[in-house]
Amino acid sequence: MCGRFAFYQEIDPLLDDLGAVDLTDPHMRARFNVPPTAPIVVVTESLDRDSGEVLRAARTARWGLLPPFAKDLSFSARTFNARRETLREKPSFRGSLGRYRAIVPMDGYYEWRRDSRGRRSKQPFLVARRDGAPLLMAALVSWWRLDGTDASRVPPSVPLPGTSEDGRWLLTATIITREATGTLADLHDRAPVMLDREHVDAWLSTDMDDAAAAQAWILDDDHLLDPTLLEMRPVDPAVGDVRQQGPELIAPIGPAIPVTA
């Protein structure tokens, strides 16, 4: 599972690497404790309806995907993760699989080690790359229409992060997970799908517009980041409080543990 992460690096090097334009909320800042339903950065690729040109862009989205049939914003509290094995089977995600794929960049994600009974311990770990490069998580996005009673709760002067220019649509996202293996399985039975940089372009490409093809693609482990590039760092339990922010949350409080496949 991926239910908390950190993203604090400057975004410009990431944009240069991915060849994306910056359409994120200008008020977005470094965050060391990002929970579900918060605004996050996603990278998408889409076709311009007028010119037919492909646009790759970093955008702001709500973490928790809202399919068209969602009645209100609270639905996103249970769709911040999506199992890769069942994407085509789940009504919440299958509509996005063929057309609205994305990447969620982050510097690391937090996980709490589980005991033999599956209970979460009090010791959190930050899973990150040893070289400090960002992780690129496979994701899906969906535009959700803000109307009816839910839209009336949003003051016009304070638009939701990720809304369209006319304020009628909200971009939402889910991070795809897989069965954890190796050292990561010691933390949790699920782990986010971390893509190798060389396979990101294929995942984002508008040329893959078939849900069945996308499902088969995301199930192929050859597209995943080499897990031995990762490490698990024990960090301050204060990260369990979503109100806590600051670089002290990512500071290791013990030796890092190398990740094995």
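Add 14 to a position in the sequence shown, counting from 1, and you land on the number used in this note's numbering.
For every residue, glycine included, the Cβ atom is placed at its ideal position computed from N, Cα and C.
Review point. How many angstroms separate the CA atom of D31 from the CA atom of V57?
Key: Position 17 of the sequence shown, counted from the start, is the residue given in the question as residue 31. Position 43 of the sequence shown, counted from the start, is the residue given in the question as residue 57. Near 12 angstroms, if we compare the C-alpha coordinates of V57 and D31.
Check your understanding: Can you name the start and end residues of the beta strand (DSSP E) that F19 belongs to?
Key -> Counting from 1 along the sequence shown, the entry for residue 19 is found at position 5. F19 -> beta strand (DSSP E) spans F19 to F21.
Practice item. Locate the beta strand (DSSP E) running through S219, then write down its first and last residues. Key: As a working mapping, residue 219 is identified with position 205 in the sequence shown. Careful: S219 lies outside any beta strand (DSSP E) and carries neither H nor E.
Review point. If you count every other CB in all the chains shown that lies within 10 Å of the CB of V273, and 16 or more means buried, which is it?
Key: Mapped onto the sequence shown, residue 273 falls at position 259. Its Cβ being crowded by 16 or more others within 10 Å, V273 is buried.
Point to revise | Proximity below 7 angstroms, CB of R247 to CB of A227 | key: The residue you call residue 247 lines up with position 233 of the sequence shown. The residue you call residue 227 lines up with position 213 of the sequence shown. Result no, Cβ atoms of R247 and A227 do not sit closer than 7 angstroms.
Review point. DSSP three-state call for S88: helix, strand or coil?
Key: Residue numbering aside, residue 88 sits at position 74 when the sequence shown is read from its first letter. It is helical.
Point to revise | Host alpha helix (DSSP H) of I232 (start-end) | key: Taking the sequence shown and counting its residues from 1, one reaches residue 232 at position 218. Element bounds for I232: A225 to I232.
Review point. Does the Cβ-Cβ distance between A194 and R182 come in under 7 angstroms?
Key: The count along the sequence shown starts at 1 and reaches residue 194 at position 180. The count along the sequence shown starts at 1 and reaches residue 182 at position 168. Taking 7 angstroms as the Cβ cut-off, A194 and R182 do not qualify as a contacting pair.
Practice item. Output the distance between the C-alpha atoms of L201 and R128, rounded to the nearest integer angstrom. Key: On the sequence shown, position 187 is the one that residue 201 refers to. On the sequence shown, position 114 is the one that residue 128 refers to. Roughly 6 angstroms separates the two Cα atoms.
Check your understanding: Under the three-state reduction of DSSP, which class applies to A52: helix, strand or coil?
Key -> Your numbering for residue 52 matches position 38 in the sequence shown. Correct three-state label for A52: coil.
**Study point:** Residue range of the beta strand (DSSP E) that includes R97
**Key:** Along the sequence shown, one-based indexing puts residue 97 at 83. N95 to R97 is the extent of the beta strand (DSSP E) around R97.
**Study point:** Residues bridged to R45 [DSSP beta-bridge criterion]
**Key:** Here residue 45 refers to the residue found at position 31 when the sequence shown is read from its first residue. DSSP lists F21 as partners of R45.
Check your understanding: Near G268, what residues of its chain come up, given a Cβ to Cβ distance below 7 angstroms and the 5 sequence neighbours on each side ignored?
Key -> Stepping through the sequence shown from its first residue, residue 268 is reached at position 254. Only P248 meet the Cβ criterion.
Review point. For the 8 angstroms Cβ check, are there 3 or more pairs between the region 35 to 46 and the region 245 to 265?
Key: Yes, the region 35 to 46 is in contact with the region 245 to 265.
Practice item. Could you have a look at V57 and say whether DSSP puts it in helix, strand or coil? Key: For the purposes of this step, residue 57 is taken as residue 43 along the sequence shown, with counting starting at 1. Three-state result, V57: strand.
Review point. Rounded to a whole number of angstroms, what is the C-alpha to C-alpha distance between V141 and E245?
Key: As a working note, residue 141 is residue 127 in the sequence shown. As a working note, residue 245 is residue 231 in the sequence shown. Each residue's alpha carbon lies about 6 angstroms from the other.
Check your understanding: Taking C-alpha atoms, which residue in M222, S135, P148 and D161 lies nearest to L239?
Key -> Along the sequence shown, read from residue 1 onward, the residue named residue 239 stands at position 225. The option with the nearest alpha carbon to L239 is P148.
Point to revise | Residue of D236, D224 and I264 minimising C-alpha distance to A111 | key: Within the sequence shown, numbered from 1, the residue matching residue 111 stands at position 97. For the record, residue 111 in the displayed sequence is Leu; it is not Ala. Measuring from the Cα of L111, the nearest candidate turns out to be D224.
Check your understanding: Taking the alpha-carbon positions, what's the A34 to D215 distance?
Key -> Translated into the one-based positions of the sequence shown, residue 34 becomes position 20. Translated into the one-based positions of the sequence shown, residue 215 becomes position 201. A direct Cα-to-Cα measurement between A34 and D215 gives close to 11 angstroms.
Review point. How long is the line joining the alpha carbons of L154 and G176, rounded to whole angstroms?
Key: Position 140 of the sequence shown, counted from the start, is the residue given in the question as residue 154. Position 162 of the sequence shown, counted from the start, is the residue given in the question as residue 176. Rounded to whole angstroms, L154 and G176 show a C-alpha spacing of 15 angstroms.
Check your understanding: Below 7 angstroms between beta carbons: does that hold for S156 and P81?
Key -> Against the sequence shown, residue 156 aligns to sequence position 142. Against the sequence shown, residue 81 aligns to sequence position 67. A Cβ-Cβ contact shorter than 7 angstroms links S156 with P81.
Exercise for review: Taking all protein chains shown into account, decide if R92 is buried (16 or more other Cβ within 10 angstroms of its Cβ) or exposed.
Suggested key: Looking up residue 92 in the sequence shown gives position 78. It is exposed - the Cβ of R92 has fewer than 16 other Cβ atoms within 10 Å.
Exercise for review: Verify whether the separation of the beta carbon atoms of A72 and D36 is less than 7 angstroms.
Suggested key: One-based indexing of the sequence shown puts residue 72 at position 58. One-based indexing of the sequence shown puts residue 36 at position 22. At a Cβ-Cβ threshold of 7 angstroms, A72 and D36 count as neighbours.
Check your understanding: Are the Cβ atoms of T186 and W158 separated by less than 7 angstroms?
Key -> The residue given as residue 186 occupies position 172 in the sequence shown. The residue given as residue 158 occupies position 144 in the sequence shown. Yes.
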